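What follows is a short report on a single structure.
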Ligand SMILES: Nc1ncnc2c1ncn2[C@@H]1O[C@H](COP(=O)(O)OP(=O)(O)OP(=O)(O)O)[C@@H](O)[C@H]1O
Ligand SMILES: [Mg+2]
């Protein structure tokens, strides 16, 4: 078996009385889409935050390519190759679509301290940014203000920015939300191919999409993983049916 | 509606035409007014980098203005009285050379901004405003407690400092110096705003999480911006000292910090020429309304209120109605 790209070991995190993550252990292997599903408030976004480094765990560790990155913050982990998208859009709304993508390219290039050259005129940066927009189908919107995009388009732009980072692993928090059936289908197709470049930890509510493309699925419930397996395993798992999919078939 | 680029050219043209007309019409006070506007604009260009691009509401920028001013005043004082500034471990003499004074003013205010920024930028929002205010007040009282340099009374510069090849005692050459420096600062500020650095700084203002997620630390960006910002405002302070041939703790007062913010907001936060428009209007109101009533600030307040309520993006934003290029 190939070594996992991302490994979460016993991650726990509380918010007051809420245990949003309880000793979560899971891994993300090369070339796979590992979906994370669970009811609202199960702790999916919390887990993405703990992995990306924007949240600190109370216990447990995060490994990236075998290296312990638990002590690094979000900036450090992004530099080490974690590309993340947010459930609630985090884009710079006053910038254009292209500028948001350029920001990713700037971060990737490590040349943010260049004060006297134009970002828009830099060929390498622009190429990287435009290529990412092209891939998610936003290149026509390049010069629009991000605030003027639809919710679905903002999700796509989040994905595009993550692409400019050329990360070792993607962490995506509900990228399909607000896309509509057609957009959702197209993004599913895209992620299906993207996993060859870097594995994806995918939080998604759209069950058809999840069962169609995930290699493995983990089910989260009250901060705990109650099952991990292939789509087939998950469909059959009685605990999952009761906790999440509805127990009418059990 | 007018395009922002054309408006910018118009504003810079007007600021140049006014003193030329004053020269021709033998009305030297016009030149002095324009010089004052250019210097205040320069100070506000510095602030606009932190405030407009970085979203850092500094209520302590007069500190940098004052540091620049005192650099000019102290160097000139020692040169004029032929006393060295210090004798141990090395002897340092004063100077009346503007370029040298500017260099010292820029370095000193940049260092002040580095120190103040390094601590203040760990906070944000209203705490940042309060901490910059507190540091500004510390420097203010430090200047008041400096008997060697006049304490509350400040320092006089008996003869305006010199620039090679120009007679700075005459108003027009001194205006030209200030105008060119303002132009250079605007150029710098424009280059920064379109650079990768400026893009990231602006993004960090809008969404800190976004910037961190692409592997960029907002703190470093803001600190660099704050230092450049403070240095530009410090340079303006040195010019201001030479304009008035006088520096006093008033240059470090928090009222002045507030006025700098007013200038930027009046003209348009984050707009390249916002500070110039704001400073121009400020000096105009101060002069013409100040002659009519001692309470001219009321009119300034009213103007500010109108701009904040009805013109997002200040006067520039209002006049260009959102068309950005
Ligand atoms: N910053 C926070 N402060 C307090 N409580 C929080 C915080 N973030 C999350 N929680 C709580 O932790 C639990 C898990 O939240 P989380 O957002 O991770 O759920 P989720 O599975 O992503 O839900 P959704 O499907 O609605 O996105 C919830 O009970 C939530 O209220
Ligand atoms: Mg969530």
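Residue numbers (UniProt numbering), protein chains in the order written: chain A, 1 to 250; chain B, 1 to 325.
Glycine included, every Cβ here is placed at the ideal spot set by N, Cα and C.
Predicted, not measured: the structure shown is a model, and the values here were computed from it.
Which residues, in chain order, sit with a beta-carbon under 5 Å away from any heavy atom of ligand 1? This selection yields A/15, A/18, A/20, A/40, A/41, A/42, A/43, A/44, A/45, A/46.
Put residue 297 of chain B into one of helix, strand or coil per three-state DSSP. Note: residue 297 of chain B maps to helix in three-state DSSP.
If you measure from the CB of residue 87 of chain A, is any heavy atom of ligand 2 nearer than 6 Å? yes
Does the beta-carbon distance from residue 30 of chain A to residue 51 of chain A come in below 7 Å? no
So, is the C-beta of residue 249 of chain A closer than 7 Å to a C-beta in chain B? A caution first: residue 249 of chain A carries a pLDDT of 45, below 50, which makes its placement in the model unreliable, though a value can still be read off. False, the Cβ-Cβ gap to chain B never drops below 7 Å.
For residue 93 of chain A, which residues in chain B fall below 8 Å Cβ to Cβ? 206, 207
Quick one: any contact between the region 48 to 59 of chain B and the region 252 to 268 of chain B, if contact means 3 or more CB pairs under 8 Å? yes
Other residues of its chain near residue 74 of chain A: CB distance less than 6 Å, five sequence neighbours each side excluded: The residues 52, 53, 54, in chain order, have a CB closer than 6 Å to that of residue 74 of chain A in the same chain once the five nearest residues on each side in sequence are set aside.
Of all the residues that make up the region 30 to 59 of chain A, which are near chain B by a beta-carbon distance shorter than 8 Å? 52, 54
Rounded C-beta distance between residue 42 of chain B and residue 225 of chain B? I'm assuming under 8 Å. Rounded to the nearest angstrom, the Cβ distance from residue 42 of chain B to residue 225 of chain B is 17 Å, too far for a contact under 8 Å.
The region 133 to 142 of chain A / the region 205 to 223 of chain B touching (three or more Cβ pairs under 8 Å): No: the two stretches stay apart, fewer than three of their Cβ pairs being nearer than 8 Å.
What does residue 99 of chain A touch in chain B if you count any residue whose Cβ is under 9 Å from its own? 199, 202, 203
If the criterion is Cβ atoms closer than 7 Å, does the pair residue 159 of chain A and residue 101 of chain A meet it? no
Near residue 57 of chain A, what residues of its chain come up, given a Cβ to Cβ distance below 8 Å and the 5 sequence neighbours on each side ignored? 11, 12, 13, 21, 50, 70
Buried or exposed: residue 140 of chain A, going by 16 or more other Cβ atoms within 10 Å of its Cβ? exposed
At which residues does the alpha helix (DSSP H) containing residue 85 of chain A begin and terminate? No alpha helix (DSSP H) contains residue 85 of chain A, which is instead part of the beta strand (DSSP E) from 82 to 85.
Which residues share a DSSP beta bridge with residue 64 of chain A? When DSSP reads this structure, residue 64 of chain A sits in a beta bridge with A/6, A/67.
My assumption, with CB atoms under 8 Å, is that residue 104 of chain A sits in contact with residue 164 of chain A. Please give the rounded CB distance. 3 Å
Give the straight-line distance between the Cα atoms of residue 166 of chain B and residue 78 of chain B, rounded to the nearest whole angstrom. 22 Å
Classify residue 250 of chain A as helix, strand or coil using the three-state DSSP reduction. Model confidence at residue 250 of chain A stands at a pLDDT of 41, short of 50, so the residue's coordinates are unreliable; what they give is reported in the following sentence. Here residue 250 of chain A sits in coil by DSSP.
Can you name the residues of chain A whose CB is closer than 7 Å to the CB of residue 194 of chain B? 118, 119, 120
Can you tell which of A/32, A/62, A/83 has the C-alpha that lies nearest to the C-alpha of residue 166 of chain A? A/83
For residue 104 of chain A, go through chain B and note every residue whose CB falls closer than 8 Å to its CB, in chain order. 214
Suppose contacts are defined by Cβ-Cβ distances below 7 Å. Is residue 280 of chain B in contact with residue 109 of chain B by that definition? The Cβ atoms of residue 280 of chain B and residue 109 of chain B lie no closer than 7 Å to each other.
Please report whether the beta-carbon of residue 111 of chain A lies at a distance below 7 Å from any beta-carbon of chain B. yes
Take residue 264 of chain B and list the residues in its own chain whose beta-carbon comes closer than 7 Å to its own, dropping the five residues that flank it on each side. 44, 47, 48, 51, 52, 274, 275, 278
Residues of chain B with CB closer than 8 Å to the CB of residue 114 of chain A, please, in chain order. 195, 196, 197
Quick one: residues in its chain with C-beta nearer than 8 Å to the C-beta of residue 203 of chain B, no 5 flanking neighbours on either side, listed in chain order? 210, 211
On the criterion of 16 or more Cβ atoms from any shown chain inside 10 Å, does residue 321 of chain B qualify as buried, or is it exposed? exposed
Buried versus exposed, by CB contacts within 10 Å (16 or more), residue 244 of chain B: buried
From the DSSP output, in three-state form, read off residue 182 of chain A for me. helix
Does the beta carbon of residue 191 of chain B come closer than 7 Å to any beta carbon on chain A? yes
Assigned secondary structure, residue 221 of chain A (DSSP; H/G/I helix, E/B strand, else coil): strand
Residue 217 of chain B to residue 175 of chain A span [Cα, whole Å]: 25 Å
Within 7 Å of chain B by C-beta, residues of the region 70 to 83 of chain A in sequence order: Taking a C-beta cut-off of 7 Å against chain B, the contacting residues of the region 70 to 83 of chain A are 74, 75, 78, 79, listed in chain order.
Would you report the Cα separation of residue 149 of chain B and residue 90 of chain B, rounded to the nearest angstrom? Cα to Cα, residue 149 of chain B sits roughly 21 Å from residue 90 of chain B.
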